[in-house]
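As structure tokens, the structure follows; a few thoughts come after it.
Number of protein chains: 2
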Amino acid sequence: MENATELKIIEAAKEVFQKKGYDGARMQEIADEAKINKAMLHYYFRTKERLFDAVLQQAIATIFPKIMSIAQEEISIEDKIRKFVHTYIDIIIANPALPNFIFNEMTQRPDKFRKYISHHISSNSKMFMEQYKREAAKGNLIEIEPEQFFISLVGSCIFPFIGKPLIKIIMKFDDKEFQNFIEARKEALSVLMINAVKKKK
Amino acid sequence: MENATELKIIEAAKEVFQKKGYDGARMQEIADEAKINKAMLHYYFRTKERLFDAVLQQAIATIFPKIMSIAQEEISIEDKIRKFVHTYIDIIIANPALPNFIFNEMTQRPDKFRKYISHHISSNSKMFMEQYKREAAKGNLIEIEPEQFFISLVGSCIFPFIGKPLIKIIMKFDDKEFQNFIEARKEALSVLMINAVKKKK
DNA sequence: GATAAATTTAACCAAATGGTTAATCCAAAC
DNA sequence: GTTTGGATTAACCATTTGGTTAAATTTATC
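Going down the list, the protein sequences come from chains A and B.
Just remember that our numbering sits 17 ahead of the position in the first sequence, which is counted from 1.
Just remember that our numbering sits 17 ahead of the position in the second sequence, which is counted from 1.
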């Protein structure tokens with residue numbers, strides 16, 4: 018990834034693939050976006066599939082390591098929840114097209130996805146589950162399968178971005194209001210999710 | 018939608034479009050799935066786009082009215098949360114390909130989506146927000162923007178289906194275990210979300 | 001500055017794809 | 001049982017699309 022042309026191609030491919038998906042993307046559109054000749058795409062990446070793979074791989078590498086690293090920090094569950102929410106939402110704000118792209122291509126091409134994600138799965142998420150169980154045993158957290166909680170946490174962070182068009186319609190948000198909603202969500206969701214696991218006295 | 022051939026086409030188109038998306042779907046594949054000649058597709062629906070529209074419209078009509086109706090029932094917020102979670106998850110279990118299809122096409126073709134969903138948006142969701150504020154004023158619920166809570170609720174129901182391949186990898190679930198996870202989720206998520214809004218004494 | 005190698009371009013190609021058409025089939029109406 | 005109109009089929013068509021190629025241009029090497 019040192020070459021200037023190669024970089025321009027990757028950037029353009031990222032743009033087009035993330036916006037249109039594999040099936041909707043056109044090699045010509047990527048070439049136009051990169052302001053180069055279409056043959057260059059094949060010169061550097063041989064096929065559409067290989068170019069796509071490079072983009073997918075990079076997309077996965079952008080998002081997963083950052084997420085995973087939080088799970089293993091030595092802080093309380095509550096701090097972890099707050100940090101996770103803030104970090105995750107900030108990452109997606111910086112890459113708003115990523116969730117749709119990843120979740121759609123993951124469903125469409127699970128084998129490909131599994132292949133590229135394998136480098137990034139660690140035991141970190143399991144550590145989170147263990148920590149939850151330990152703190153729950155002390156009596157401060159409700160007894161729930163931590164996996165169920167974890168999925169709710171992740172889903173609540175990602176869903177507003179995947180469902181943006183629907184949310185804008187139902188809540189009658191314009192773009193600015195949607196942006197404010199997301200900004201406010203970092204703290205609101207932290208509070209909500211921490212309260213969700215706290216046991217009532 | 019009275020003709021037998023037309024019905025076969027719609028069913029086949031639903032299958033293929035929901036699985037592959039608009040761009041990934043092929044008219045020939047739909048014809049094969051319906052066991053008819055490809056020209057029939059155009060005879061009954063003129064173009065790929067119109068056939069797609071019929072499928073999208075039906076998909077939206079399948080899922081939205083059922084959801085929306087719950088919001089206006091005259092039951093407490095807590096009962097509403099539980100009923101919403103159970104109903105929503107049951108609907109998606111019955112139509113597992115719908116979330117991915119709808120959320121992806123909604124992002125890809127927001128105008129089309131807006132057009133077909135307009136019949137189904139009601140003031141019901143607003144009624145939920147008002148109810149939340151009323152019950153919060155009594156002091157039993159935490160003070161959070163109800164919109165933030167509502168999005169978490171919906172996201173937590175839908176996300177496991179959108180993220181199924183990822184969840185299976187991270188949690189090391191096989192299909193049976195994933196199914197059990199979803200079954201257990203109906204009650205676990207109800208408990209979690211009700212606890213999330215309950216104020217600590 | 002000539003030579004070789006890498007990069008870029010324009011033109012081209014074959015396959016796939018959405019869509020059309022003319023002929024045929026078939027059931028109902030008379 | 002002939003006619004009529006919709007349903008169905010096979011063959012065909014134009015365009016799009018991913019991919020190739022051979023020539024040209026630029027860059028690096030000596």
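Each residue gets a CB set at the ideal place from its N, CA and C atoms; glycine is no exception.
Bear in mind the structure is a predicted one, so any value in this text is a computation, not a measurement.
Residue i at chain A interface by Cβ criterion, 8 angstroms
i, result
"B:Gly172", "yes"
"B:Pro182", "yes"
"B:Pro127", "yes"
"B:Ala51", "no"
"B:Ala153", "no"
"B:Asn197", "no"
"B:His112", "The residue you asked about is not His; residue 112 of chain B is Asn in the sequence shown. With 8 angstroms as the cut-off, B:Asn112 does not count as an interface residue toward chain A."
"B:Pro177", "yes"
"B:Ile134", "yes"
"B:Leu202", "With the sequence shown as reference, residue 202 of chain B is identified as Arg, and Leu is not the correct amino acid for it. B:Arg202 counts as touching chain A."
"B:Ile138", "yes"
"B:Ser169", "yes"
"B:Ile161", "yes"
"B:Ser142", "yes"
Per DSSP, cross-strand counterpart(s) of residue i
i, result
"A:Lys215", "A:Leu158"
Minimum Cβ-Cβ distance from residue i to chain B less than 8 angstroms
i, result
"A:Glu164", "yes"
"A:Gly41", "yes"
"A:Leu209", "yes"
"A:Ser86", "no"
"A:Gly156", "no"
"A:Thr124", "yes"
"A:Leu68", "no"
"A:Ile106", "no"
"A:Phe130", "yes"
"A:Ile77", "no"
"A:Lys31", "no"
Cβ neighbour criterion (16 or more within 10 Å) applied to residue i
i, result
"B:Lys31", "buried"
"B:Gly156", "exposed"
"B:Thr124", "buried"
"A:Tyr60", "exposed"
"B:Gln35", "buried"
"B:Ile92", "exposed"
"B:Arg63", "exposed"
"A:Lys193", "exposed"
"A:Thr22", "exposed"
"A:Lys181", "buried"
"B:Arg67", "exposed"
"A:Ser135", "exposed"
Simplified DSSP state of residue i, which is helix, strand or coil
i, result
"B:Asn197", "helix"
"A:Arg126", "coil"
"B:Met188", "coil"
"B:His221", "Outside the displayed span of chain B (18 to 218) sits residue 221 of chain B, for which this structure offers no information."
"B:Pro113", "coil"
"A:Ile64", "Position check: residue 64 of chain A holds Thr in this sequence, whereas Ile was assumed. Coil, per DSSP."
"B:Asn121", "helix"
"B:Lys97", "helix"
"A:Ile175", "helix"
"B:Gln89", "coil"
"B:Lys181", "helix"
"B:Arg202", "helix"
"A:Met18", "Unreliable placement is indicated for A:Met18, whose pLDDT of 47 sits below 50; the coordinate value is still reported in the next sentence. Reduced to three states, the DSSP call for A:Met18 is coil."
"A:Ile53", "coil"
"A:Arg131", "helix"
"B:Arg151", "helix"
"B:Ala71", "helix"
"B:Ala42", "coil"
"A:Val33", "helix"
C-alpha distance - residue i paired with residue j, whole-angstrom precision
i, j, result
"A:Phe120", "A:Pro177", "14 angstroms"
"B:Ile110", "B:Thr104", "10 angstroms"
"B:Glu164", "B:Phe145", "9 angstroms"
"A:Ala78", "A:Met85", "11 angstroms"
"A:Glu122", "B:Ile108", "23 angstroms"
"B:Met210", "B:Lys37", "33 angstroms"
"B:Ile187", "B:Ala56", "45 angstroms"
"A:Gln89", "A:Val171", "16 angstroms"
"B:Arg126", "B:Val72", "14 angstroms"
"B:Met18", "B:Lys25", "Confidence is the limiting factor: at B:Met18 the pLDDT is only 49, short of 50, which leaves the residue's position unreliable, though a coordinate-based value still follows. Straight-line Cα distance between these residues: approximately 10 angstroms."
"B:Asp128", "A:Leu158", "44 angstroms"
"B:Lys1", "A:Gln196", "Outside the displayed range of chain B (18 to 218) lies residue 1 of chain B, so it cannot be described from this structure."
"B:Ser140", "B:Tyr149", "14 angstroms"
"B:Asn20", "B:Val33", "20 angstroms"
"A:Phe101", "B:Ala51", "47 angstroms"
"A:Pro113", "A:Ile175", "10 angstroms"
"A:Glu200", "A:Leu206", "10 angstroms"
"B:Ile106", "B:Ile184", "16 angstroms"
beta-carbon residue i near the ligand SAH non-hydrogen atom, thresh 7 angstroms
i, result
"B:Arg126", "Ligands in the displayed structure: none, and consequently the ligand SAH is not present."
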